[in-house]
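Asks: Encoded as structure tokens, here's the structure I'll be asking about.
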């Protein structure tokens, strides 16, 4: 009796695995739709391992243990970078599931059950994320000798000090795979309704004036808490706990920025559409108004990078008088490494999300091309749909950094030449990365206009 029960179960699993592998092949969904999530998951894994290994060093190295400031700064960097890293991972999962939705909807039309669709979705997401995570581990191992040459505590720290370890590596891979699988499971809400419900994805952005007001009020409250903690928190909770509390406040403030960024962007899009004098501005405005959430997610990483640049630049300016202390060059190096990691995440996020945007807007791009809209005008509309939210995200992140730094550093340090130069350099690098990403998607855009599978 047991053998009879096990045999159908085994056949069902074998059939699901075979069908999932067939649907995952590039010939079925396009090479770009498969490669882009893998590259994104690899970047997420490599950055998480590098940042996690650095945080471990700041918590376990003998010199760092003797000075709790190192542990505070390592924890702050880990929390700040975790937000854009997981945002990139979620974007990769959304790209994979968005292309998966259409294929699974077809399976529903052909008679596949909801349970079969669920299992296939989770299996495929786990496979893609696992391949990307293992690739990220390989990249991390290749870069580990170079990471070990970074000077801390008076000299290069070595691979052993910054290595994430076997346990940490397994944990990071498990987190990345779990993120993809959870996102895939959540995406099934659209598939379970009806196959036609997936085909007709329409989610217009509502007007959320109250949400914007509440978010701005929360930011002001967070700034006040930072001022209070800076004034007396060191005495009340100690340096380590103070650093953790401040890091959580910083991360919470950026989460609020992401929460209010979408409705603000939708309002900006409606204004652009109402006052548009060209077809490109009209299309970009309608795109931002109707898909403000996805437009904001594509550029949200620059907000965190701008925040890190402002806080880091002001912090370095404050410590310039203590440049003879070993702590100053270590903090300077740590800020530089954090910014580099932030730009790596930004570059990966920009490339993946912009290519994903072309794939997601395939129907609109094809329709505009069939109506006779010139290719230059289509590219201009896409550029406007990216640069408008990019400017908003960059300014928002910098503004939050200034608000949180004013109680600690004062207005003099905030507007010091060093801080301004760091901020301008960050803005320039971020905008250049975005333009390069837009240019890199031109072959994909051209293929979509020709009706090819990419």
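In the working numbering, the protein residues as written are 24 to 477. Beta carbons are placed, not taken as given, at the ideal position from N, Cα and C, and that holds for glycine.
1. Whose CA, out of 156, 83 and 181, lies closest to the CA of residue 168?
2. Alpha carbon to alpha carbon, how far is residue 296 from residue 187? Give it in angstroms, no decimals.
3. Which residue wins for smallest C-alpha separation from residue 89, given the options 464, 359 and 350?
4. On the three-state DSSP scale, how would you describe residue 395?
5. Within the continuous alpha helix (DSSP H) that includes residue 518, where are the two ends?
6. Are there 16 or more other CB atoms within 10 angstroms of the CB of residue 192, so buried, or fewer, so exposed?
7. Quick one: using the 10 Å Cβ neighbour count with 16 as the cut-off for buried, is residue 201 buried or exposed?
8. With a threshold of 16 other CB atoms inside 10 Å of the CB of residue 163, please say whether the residue is buried or exposed.
9. Using DSSP's beta-bridge definition, name the partner residues of residue 175.
10. What residue does the alpha helix (DSSP H) around residue 463 start on, and which one ends it?
11. Suppose you measure from the CA of residue 285 to the CA of residue 317; what does that come to, to the nearest Å?
12. Would residue 151 and residue 61 be called neighbours here (beta carbons separated by less than 8 Å)?
13. Is the segment 380-391 touching the segment 68-88 in the sense that three or more CB pairs, one from each, lie closer than 8 Å?
14. Which first and last residues belong to the alpha helix (DSSP H) in which residue 304 is found?
15. Would you check if the distance between the CB atom of residue 445 and the CB atom of residue 338 is smaller than 8 Å?
16. Reducing DSSP to helix, strand and coil, say where residue 186 ends up.
17. With a threshold of 16 other CB atoms inside 10 Å of the CB of residue 93, please say whether the residue is buried or exposed.
18. For residue 358, count neighbouring Cβ atoms within 10 angstroms of its own Cβ and tell me buried if that reaches 16, exposed if not.
19. Compare the C-alpha of residue 447 against each of 205, 417, 404 and 375 and name the closest.
Replies: Result, derived from the coordinates:
1. Residue 181 is the option with its Cα nearest to residue 168.
2. Looking at the two C-alpha atoms, the distance is approximately 49 Å.
3. Selected option, being the one with the closest Cα: 350.
4. It is coil, neither helix nor strand.
5. Here the chain covers residues 24 to 477 and nothing more, so residue 518 does not appear.
6. That one is buried.
7. Residue environment analysis places residue 201 among the exposed positions, since fewer than 16 neighbouring C-beta atoms fall within 10 angstroms of its C-beta.
8. In the assembly as shown, residue 163 is a buried residue. Its beta-carbon has 16 or more other beta-carbons within 10 Å.
9. Note: residue 175 sits in a beta bridge opposite 178.
10. Where residue 463 is concerned, the enclosing alpha helix (DSSP H) starts and stops at 440-463.
11. The straight-line gap from Cα to Cα measures roughly 8 Å.
12. Their beta carbons are under 8 Å apart, which means residue 151 touches residue 61 by this criterion.
13. By the Cβ test, the segment 68-88 is not in contact with the segment 380-391, since fewer than three Cβ pairs between them sit closer than 8 Å.
14. Run containing residue 304: 302-313, per the alpha helix (DSSP H) assignment.
15. No.
16. DSSP places residue 186 in coil when its eight states are reduced to three.
17. By the 10 Å Cβ count, residue 93 comes out buried.
18. Result: buried.
19. Comparing Cα-Cα distances from residue 447 to each of 205, 417, 404 and 375, the minimum goes to 417.
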